[in-house]
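**Student:** The numbering of the sequence shown is the numbering used here, which starts it at 569 and goes up by one.
Glycine included, every Cβ here is placed at the ideal spot set by N, Cα and C.
These numbers were taken from a predicted model, which means no experiment stands behind them.
Please find one structure pasted underneath; my questions will follow.
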Amino acid sequence: MQVVNVSLWEGERLTFEDLGGGEASVLANESILLRGLVVRSWSNQITIHFHSQRQTQPGSFLLRYQAFVLSCTFPQRPACGDVSVSSLHSGGEAYFYCVTGYQLQGTNTLTCLNASTPYWSGTEPQCHAACGGIVRNATVGRIVSPGFPSNYSNNLTLLIKNGNNIDSPPLYDSYEVEYLPNEGLSMAHCLWHTWGSVTQSGLFSVIDPHILSFTAFSVGHCYEPFVKYGNFTSNDSMWAVGTVVEFTCDPGYTLEQGSVIIECMDHNNPQWNETEPACRAVCSGEMTDSAGVVLSPNWPEAYDSGQDCIWGIHVEEDRRIMLDIKVLNIGKNDLLTFYDGDDLTAKVLGQYGGSRPHFKLYTSMADVTIQFQSDPATNIYGYGNGFVVHFFEVPRNDTCPELPEITNGWKSTSHPELVHGTVVTYQCYPGFQLVGTELLMCQWDLTWSGDLPSCERVLSCVDPGTVEHSRRVMSGPRFTVGSTIQYICNKGYTLSGNSLLSCYNHGSSGPKWSEMLPKCA
């Protein structure tokens, strides 16, 4: 329903209501009904109420309506999963699936059903990390702890065995050893463990304290390498002997231990010549990139108590830094401080402890120093607690935005940098006149004092004015090209000069009068 025109008297009421839900639902009323407003109903039924106390000449309105196909709302995306939709209209289907390591609970397909208000055929499913299960014919996958990312109960242990039955020798037992090795566990036979099984030789690697990844590999090949919080490139996706792999870390992480480049060697017993490296979020560092990430130590795992970390970020001298604090969830006695400069003596931009929602900071210089201090006596938080700070190089924030050139004119500035107080002067070429403000000033709030002017072609002569002791007769109300003005002296006065002036086009300089003003003496 589109409002084409509306003119109501005070006290008159005009209401749009949707009747599709059984009870009337107000869509709009006279307080917001402006020309051009479009009101859409949720169902195929809409009613319009108009009420006026005026007996004669009540208010008026003109509405245009058009039918359109109703649709279901977009279904809710399950946590640790996703949804794709073929169509939101009647008959369309929504397909749900979970990321590796999670199981779908509920139907995997919903259909949009036609009704006064279309709706999905069922409730959106959820993705859960199950306790136990069987993974058959697997080549690559992921296993997560029950309920991940929430904590699991304290009566569970993890046992990984090198075989497919309970009597197989153990490779890892969480009751005996707390942490899995970063480089993973390699087994030569079928695998059995407390949560599932695969049917080939394979490798287990730690993704984080609650997640294991597994990869099957063929005899005569090396296993697929893995690096937590990083990535790698290789010259052979089958990991045959001679394959070379190069590792890189995700933004905010640093390569530690192991080798950046490893090679699969030994035809008789293929294996990597070096251990895969580890990517860790380290305490302190110096960065000169135009964009990057600063992470709390060991992120997303818990940072240690009693830490004092300092990061320095430096960009080009004529630029500034925008700090985008995505996550800030530290202890109440821990401190994260941002200094507007290259050392700890600079002005403090902000100092924070505890938890805060997403926010941004801007430096006034090309350098910023970040210091994180954790309380030696604090209780260390668990997984996902700490901070994530993205930084970006941005233009300096103490100048007004650049003003554009204008057509048929030019500009001049009082200062090379557009700092506050700078004046920009606009002028037009001959034959054009300035429309708007000639002078624009950069104000204290870094905005310009007015709108951008323009140069328009001069199409008429300027008013030549009056002559004392005379009257004038004009050929028309405007002084366009071709118009004339005749001056006639009052009785007792004599005219000197030409009494008739004509407006004519003087080329690039624009219209001019043909004669100088006469005199009456």
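Three-state secondary structure (DSSP) at Gly918?
**Tutor:** Three-state result, Gly918: strand.
**Student:** Given this structure, state the Cα-to-Cα distance separating Glu884 from Thr677, to the nearest angstrom.
**Tutor:** Going from the Cα of Glu884 to the Cα of Thr677 covers about 53 Å.
**Student:** If you check the beta carbons only, do Thr801 and Glu814 fall under 8 Å apart?
**Tutor:** It is a contact, given that the beta carbons lie within the stated cut-off.
**Student:** In whole angstroms, give me the CA-to-CA distance for Gly627 and Met569.
**Tutor:** Roughly 19 Å between the two C-alpha positions.
**Student:** Based on Cα-Cα distance, which residue from Arg1039, Val850 and Thr856 lies nearest to Gly954?
**Tutor:** Nearest option by C-alpha distance: Val850.
**Student:** Around the Cβ of Cys699, are there at least 16 other Cβ atoms within 10 angstroms (buried) or fewer (exposed)?
**Tutor:** Exposed is the call here.
**Student:** Along the beta strand (DSSP E) that carries Asp586, what are the first and last residues, could you check?
**Tutor:** That run of the beta strand (DSSP E) goes Arg581 to Asp586.
**Student:** Just to confirm my understanding: we take Leu929, look at its own chain, exclude 5 residues before and 5 after, and list those with CB closer than 8 Å. What are they?
**Tutor:** If we look at Leu929 and ignore the five residues flanking it on each side, its Cβ neighbours are Met890, Leu891, Ile893, Phe906, Leu917 and Gly918.
**Student:** To the nearest angstrom, report how far apart His983 and Phe960 are at their CA atoms.
**Tutor:** His983 and Phe960: Cα-Cα distance of roughly 28 Å.
**Student:** To the nearest angstrom, how far is the alpha carbon of Val1003 from that of Thr967?
**Tutor:** Between Val1003 and Thr967, the C-alpha separation is close to 26 Å.
**Student:** Looking only at its chain, what residues have a beta carbon closer than 8 Å to the beta carbon of Gln875, apart from the 5 residues adjacent to it on each side?
**Tutor:** These residues qualify, in order along the chain: Cys851, Pro865, Phe940, Gln941 and Ser942.
**Student:** Out of Pro1079, Asn1058, Leu1085 and Ser1051, which one is the CA nearest neighbour of Gly1065?
**Tutor:** For Gly1065, the nearest C-alpha among the options comes from Leu1085.
**Student:** Given a threshold of 16 other Cβ atoms within 10 Å of its Cβ, counted over all protein chains shown, does Asp1031 qualify as buried or as exposed?
**Tutor:** Classification for Asp1031: exposed.
**Student:** Rounding to the nearest angstrom, what Cα-Cα distance links Ser652 and Asn682 in this structure?
**Tutor:** Approximately 20 Å, taken between the alpha carbons.
**Student:** From Leu1068 to Asn1058, what distance separates their C-alpha atoms?
**Tutor:** Straight-line Cα distance between these residues: approximately 16 Å.
**Student:** Would the segment 973 to 989 and the segment 922 to 936 be scored as touching if the rule is three or more Cβ pairs under 8 Å?
**Tutor:** No: the two stretches stay apart, fewer than three of their Cβ pairs being nearer than 8 Å.
**Student:** So if DSSP puts Asn597 in a beta bridge, which residue, or which two residues, is it bridged to?
**Tutor:** Thr583.
**Student:** Quick check: His619 and Glu585, are their CB atoms within less than 8 Å of each other?
**Tutor:** In this structure, Glu585 does not lie closer than 8 Å to His619 by Cβ.
**Student:** For Ile1053, which residues from the same chain have a beta carbon less than 6 Å from its beta carbon, with the 5 sequence-adjacent residues on both sides left out?
**Tutor:** If we look at Ile1053 and ignore the five residues flanking it on each side, its Cβ neighbours are Arg1040, Met1042 and Leu1069.
**Student:** Looking only at C-alpha atoms, which of Ser639, Leu656, His657 and Trp577 sits nearest to Gln621?
**Tutor:** When only C-alpha atoms are compared, the closest one is Trp577.
**Student:** Taking only three categories from DSSP, how would you classify Gly820?
**Tutor:** In this structure, Gly820 counts as coil in the three-state DSSP scheme.
**Student:** Out of Pro969, Gly921, Val828 and Leu602, which one is the CA nearest neighbour of Leu1008?
**Tutor:** Residue Pro969 is the option with its Cα nearest to Leu1008.
**Student:** For Thr583, which residues of its own chain have a beta-carbon under 6 Å away from its beta-carbon, when the five flanking residues on both sides are left out?
**Tutor:** If we look at Thr583 and ignore the five residues flanking it on each side, its Cβ neighbours are Asn597 and His617.
**Student:** Compare the C-beta of Met1084 with all C-beta atoms of chain D and state if any pair is closer than 8 Å.
**Tutor:** Looking at the structure shown, chain D is missing, and only one protein chain is on hand.
**Student:** When DSSP labels each residue in this structure, what does Ser1076 get in the three-state scheme?
**Tutor:** If DSSP states are grouped into helix, strand and coil, Ser1076 belongs with the helices.
**Student:** Inspect the beta-carbon positions of Gln694 and Gly674 and report whether they are closer than 8 Å.
**Tutor:** Yes.
**Student:** Which class does Lys796 belong to by DSSP, given the choice of helix, strand or coil?
**Tutor:** Coil.
**Student:** Using CA coordinates, which residue listed in Asn573, Thr937, Gly588 and Tyr994 is at the minimum distance from Arg603?
**Tutor:** When only C-alpha atoms are compared, the closest one is Asn573.
**Student:** Mapping DSSP to helix, strand and coil, what is Gln613?
**Tutor:** Gln613: coil per DSSP, three-state reduction.
**Student:** Taking buried to mean at least 16 other C-beta atoms within 10 Å of its own C-beta, is Ala870 buried or exposed?
**Tutor:** Buried: at least 16 other Cβ atoms inside 10 Å.
**Student:** Is it buried or exposed for Val812, if we count other Cβ within 10 angstroms and need 16 for buried?
**Tutor:** Val812 is exposed by the Cβ-count criterion.
**Student:** Taking C-beta to C-beta, are Tyr514 and Cys847 nearer than 8 Å?
**Tutor:** The structure shown does not extend to residue 514, since the chain is modelled only from 569 to 1089, so the question has no answer here.
**Student:** Where does Leu1085 sit, in a helix, a strand or coil, going by DSSP?
**Tutor:** Coil, per DSSP.
**Student:** Check the C-beta distance from Pro838 over to Ser827 and give it rounded, since I have them as a contact under 8 Å.
**Tutor:** About 17 Å separates the two Cβ atoms, so there is no contact after all.
**Student:** Terminal residues of the continuous beta strand (DSSP E) containing Asn573?
**Tutor:** Run containing Asn573: Gln570 to Ser575, per the beta strand (DSSP E) assignment.
**Student:** Sort out for me which residues DSSP pairs Val963 with in a bridge.
**Tutor:** A quick correction: the sequence has Pro, not Val, at residue 963. For Pro963, which the question treats as bridged, DSSP gives the partners Arg887.
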